[in-house]
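Encoded as C-alpha cells, the structure appears first; notes follow it.
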Amino acid sequence: MTINRNLVNWSRTVHVYLSIALLVVLVFFSITGITLNHAESMTAEPQTEVITLDSLPTLPLDDNGMITDSPELAAYVRDEFGIRLEFADLTIEEPFITIEYDGPGLQALVEIDQDLGEVYAETTNYGLVAVFNDLHKGRYTHIVWNALIDISAIILIIFSLAGFVLLLPNKFRFRKVAKYSLVGIIISTAAYFVATL
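If you use my numbering, the sequence shown corresponds to residues 1 to 197, in order.
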C-alpha cells in the first residue's frame with residue numbers, strides 16, 4: 001500500500017500537537033471516570049446550609065403588587081445566595097417565588113414569601129468529587145463547558161485518525177496493532193453484554 005508522504009508527515013505533526021493539547025483533558029476524564037465509577041465510596045457527605053431572612057430588598061412589582069421576574073431579582077439572588085437566575089428554574093405562584101438551582105456538585109432552593117417578606121434558602125454541597133463527576137458528565141454545566149467536551153471529542157477523533165494514518169506505511173506494526181485492537185473490541189463487547197444481562 002502506497003501512502004502519500006505529505007499525508008504521513010501532516011498526520012505526524014497533527015498527532016504530536018494534539019497529544020499535547022489532549023493531555024490535560026485525557027488525564028481529567030480518566031481520573032473522573034474512576035471517581036464516577038466509585039461515586040458511592042468517594043463522594044463526601046453532603047453539607048447543607050440553611051439561611052432564613054426576615055426582610056426583602058425593594059424589588060420591581062407587577063400590577064398586583066407582587067415581585068416579578070426582573071434583573072433586580074436576579075441580582076439579589078446572585079449576590080445573596082450565589083445563584084445565577086438564568087441557570088435556575090423560577091416558579092411564581094403568589095405569594096411565593098420558588099427558585100431551584102442545580103450546579104456541578106451543588107443544589108440550592110430559595111423560597112420567597114412575599115406576604116410575610118421572608119426568605120428561606122437551602123444549599124447542599126456534595127463536595128469536590130461530586131463537582132468533578134458532574135463536569136465529567138456535562139451535567140448542570142454551562143454551555144461553555146459543554147462546548148469544551150464536544151471540541152475535545154472532535155480533537156480526540158482527529159488524533160486517533162492521524163495515529164491510524166501513521167501506522168499505514170508500516171505493515172508489520174499495523175497488523176500487530178490491528179490484532180490488539182480486535183482483542184480490545186472483543187473484550188469491550190463481551191463486557192457490554194455481561195453488564196446488560
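Yeah, the Cβ is synthetic: ideal placement off N, Cα and C, and Gly gets one too. Small disclaimer: the values here were computed from a predicted structure and weren't measured.
- In this structure, the straight-line span from the alpha carbon of residue 16 to that of residue 174 is close to 19 Å.
- Between residue 118 and residue 111, the alpha-carbon positions lie close to 8 Å from each other.
- A direct Cα-Cα distance of roughly 14 Å separates residue 163 from residue 6.
- Rounded to the nearest angstrom, the gap between the Cα atoms of residue 183 and residue 190 is 11 Å.
- In the structure shown, the three-state DSSP call for residue 120 is strand.
- The count of Cβ pairs closer than 8 Å, one atom from the region 128-139 and one from the region 155-169, stays below three, leaving the stretches out of contact.
- When the alpha-carbon of residue 103 is set against those of 116, 113, 86 and 19, the nearest one is in 86.
- Per DSSP, reduced to three states, the secondary structure at residue 85 is helical.
- For residue 47, the closest alpha carbon among the candidates 144, 153 and 105 is that of 105.
- Contact check for residue 36 against residue 156 fails: the beta carbons are separated by 8 Å or more.
- The residue from 82, 114 and 107 with its alpha-carbon nearest to that of residue 124 is 107.
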